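K.L.:
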Amino acid sequence: DAGVIQSPRHEVTEMGQEVTLRCKPISGHDYLFWYRQTMMRGLELLIYFNNNVPIDDSGMPEDRFSAKMPNASFSTLKIQPSEPRDSAVYFCASSLMPSTDTQYFGPGTRLTVL
Amino acid sequence: KQEVTQIPAALSVPEGENLVLNCSFTDSAIYNLQWFRQDPGKGLTSLLLIQSSQREQTSGRLNASLDKSSGRSTLYIAASQPGDSATYLCAVISSGSARQLTFGSGTQLTVLP
Chain A
1 DAGVIQSPRH
11 EVTEMGQEVT
21 LRCKPISGHD
31 YLFWYRQTMM
41 RGLELLIYFN
51 NNVPIDDSGM
61 PEDRFSAKMP
71 NASFSTLKIQ
81 PSEPRDSAVY
91 FCASSLMPST
101 DTQYFGPGTR
111 LTVL
Chain B
1001 KQEVTQIPAA
1011 LSVPEGENLV
1021 LNCSFTDSAI
1031 YNLQWFRQDP
1041 GKGLTSLLLI
1051 QSSQREQTSG
1061 RLNASLDKSS
1071 GRSTLYIAAS
1081 QPGDSATYLC
1091 AVISSGSARQ
1101 LTFGSGTQLT
1111 VLP
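Protein chains in written order, with the numbering used here: chain A, 1 to 114; chain B, 1001 to 1113.
1. Once you ignore the five residues that flank A:Q17 on each side, which residues in its own chain have a CB closer than 6 Å to its CB?
2. Which residues bound the beta strand (DSSP E) around A:V19?
3. Are B:V1092 and B:T1102 close, meaning C-beta to C-beta below 8 Å?
4. So with Cβ pairs under 8 Å, would you call B:G1043 a contact of chain A?
5. Can you name, in chain order, every residue of its own chain whose Cβ lies under 7 Å from the Cβ of A:N50, other than the five neighbours on each side?
6. What residue ranges within the stretch 56-92 of chain A form continuous beta strand (DSSP E) runs of no fewer than 3 residues, ordered along the chain?
7. With a CB to CB cut of under 7 Å and the five nearest residues on each side skipped, what residues in its chain are close to A:M60?
8. Along chain B, which residues have their Cβ under 9 Å away from the Cβ of A:F91?
9. Please work out which residues of its chain come closer than 6 Å, Cβ to Cβ, to A:L21, disregarding the five sequence neighbours upstream and downstream, and give them in chain order.
10. Please tell me whether A:S99 has its Cβ less than 8 Å away from any Cβ of chain B.
11. From B:R1099 to B:T1074, what does the alpha carbon distance come to, in whole angstroms?
12. Quick check: B:L1021 and B:T1107, are their CB atoms within less than 8 Å of each other?
13. Distance, Cα to Cα, A:A2 vs B:A1079?
14. Since B:L1048 and B:Q1057 should fall inside the 8 Å C-beta cutoff, what is the C-beta to C-beta distance between them, to a whole number of angstroms?
15. Would you grab the beta carbon distance between B:K1068 and B:S1085 for me? Rounded to a whole angstrom, and I think it's under 8 Å.
16. Can you check whether the CB of B:S1105 is closer than 8 Å to the CB of B:Q1164?
17. Below 8 Å between beta carbons: does that hold for B:L1044 and B:C1090?
18. Quick one: which residues of the stretch 1008-1032 of chain B get their C-beta closer than 9 Å to a C-beta of chain A? List them in chain order.
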């Protein structure tokens, strides 16, 4: 398996624009996680899905953030409108059963909002 | 709310030295504890996962221990190499948090040749 795939790897946009980040989890993994990493706050869970259903979105910072998982092999994280404080590295991870198995992380998307 | 702390924040050692990284967590009700490695500009790579019922796990030159009652874990790296230079992150899944990983802020390790 190619591992967790994220695109784009880098995104530079202007404030107010819509940003869509994409993730393809490892085949067969039932759990998908979106994290954000910043220098100030470290790694934070934004939302996670189980069998394509959002389970916990309490980490989503504002209504400007939304996430979907239309099928088992694809998820998106959308920010609309984007703000400079959204600049961070966004990671997607997937897992079989998090209570017993590790989470496999993608390479991340580095987002810069000017 | 679970909190994970890692000490020290940064560590620099000469090549060949054995070293210990520390991790502490406030709520001992956990499913497991994991150690990850992060290289600059890269994602996280899982190193070791210790289930709550286990005391330690080993992989090559790495050994991780878990003392759940005291809320502590250590990552021991034997015979360090320059290629070990990276940020090491500790994370736990708490029993009450479903499947959420709570991360420490990491220890940035530099192994000098």
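We put the CB at the ideal spot given by N, CA and C, even for glycine. These numbers were taken from a predicted model, which means no experiment stands behind them.
P.N.:
For this structure:
1. By one-based count along the first sequence, residue 17 of chain A stands at place 17. Only residues of its own chain outside the window of five on either side were considered, and among them S82 have a CB closer than 6 Å to the CB of A:Q17, listed in chain order.
2. To locate residue 19 of chain A, count along the first sequence from 1; it is residue 19. Looking at the DSSP string, the run of the beta strand (DSSP E) that includes A:V19 is V19 to K24.
3. Taking the first residue of the second sequence as position 1, residue 1092 of chain B is located at position 92. Taking the first residue of the second sequence as position 1, residue 1102 of chain B is located at position 102. Yes; because the gap between Cβ atoms is below 8 Å, this pair is in contact.
4. As a first step, residue 1043 of chain B is located in the second sequence; it is residue number 43 there, counting from the start. It does: the Cβ of B:G1043 has a partner Cβ on chain A nearer than 8 Å.
5. One-based indexing of the first sequence puts residue 50 of chain A at position 50. For A:N50, same chain residues with a beta-carbon under 7 Å away, outside a window of 5 residues either side, are D30 and Y31 in chain order.
6. The beta strand (DSSP E) runs of length 3 or more contained entirely in the stretch 56-92 of chain A are, from start to end of the chain, 65-71 and 74-79.
7. Start at 1 with the first residue of the first sequence, and residue 60 of chain A comes out as number 60. Around A:M60: L46 and I47.
8. Counting from 1 along the first sequence, the entry for residue 91 of chain A is found at position 91. Listed along the chain, the chain B residues whose CB falls inside 9 Å of the CB of A:F91 are G1043 and L1044.
9. Counted from its first residue, the first sequence places residue 21 of chain A at position 21. Apart from sequence neighbours up to five positions away, the residues of its chain that approach A:L21 with a beta-carbon distance below 6 Å are L77, Y90 and T109, ordered along the chain.
10. Locating residue 99 of chain A in the first sequence gives position 99, counting from the first residue. Under the Cβ distance rule, A:S99 counts among the residues neighbouring chain B, one pair being separated by less than 8 Å.
11. As a working mapping, residue 1099 of chain B is identified with position 99 in the second sequence. As a working mapping, residue 1074 of chain B is identified with position 74 in the second sequence. If I take the Cα positions, the gap works out to 22 Å.
12. Working through the second sequence from its first residue, we reach residue 1021 of chain B at position 21. Working through the second sequence from its first residue, we reach residue 1107 of chain B at position 107. Yes, they are a contact pair.
13. In the first sequence, residue 2 of chain A corresponds to position 2, counting from 1. In the second sequence, residue 1079 of chain B corresponds to position 79, counting from 1. When rounded, the separation of the alpha-carbon atoms in A:A2 and B:A1079 is 31 Å.
14. Here residue 1048 of chain B refers to the residue found at position 48 of the second sequence. Here residue 1057 of chain B refers to the residue found at position 57 of the second sequence. Rounded, the Cβ-Cβ distance is 5 Å, consistent with contact.
15. For the purposes of this step, residue 1068 of chain B is taken as residue 68 along the second sequence, with counting starting at 1. For the purposes of this step, residue 1085 of chain B is taken as residue 85 along the second sequence, with counting starting at 1. Their Cβ separation, rounded to whole angstroms, is 30 Å, which puts B:K1068 and B:S1085 out of contact at 8 Å.
16. In the structure as shown, chain B starts at 1001 and stops at 1113, and residue 1164 of chain B therefore has no counterpart that could be examined.
17. Indexing the second sequence from 1 puts residue 1044 of chain B at position 44. Indexing the second sequence from 1 puts residue 1090 of chain B at position 90. By the CB criterion at 8 Å, B:L1044 and B:C1090 fall outside the cutoff.
18. Against chain A - using a Cβ distance shorter than 9 Å - the residues of the stretch 1008-1032 of chain B are Y1031 and N1032.
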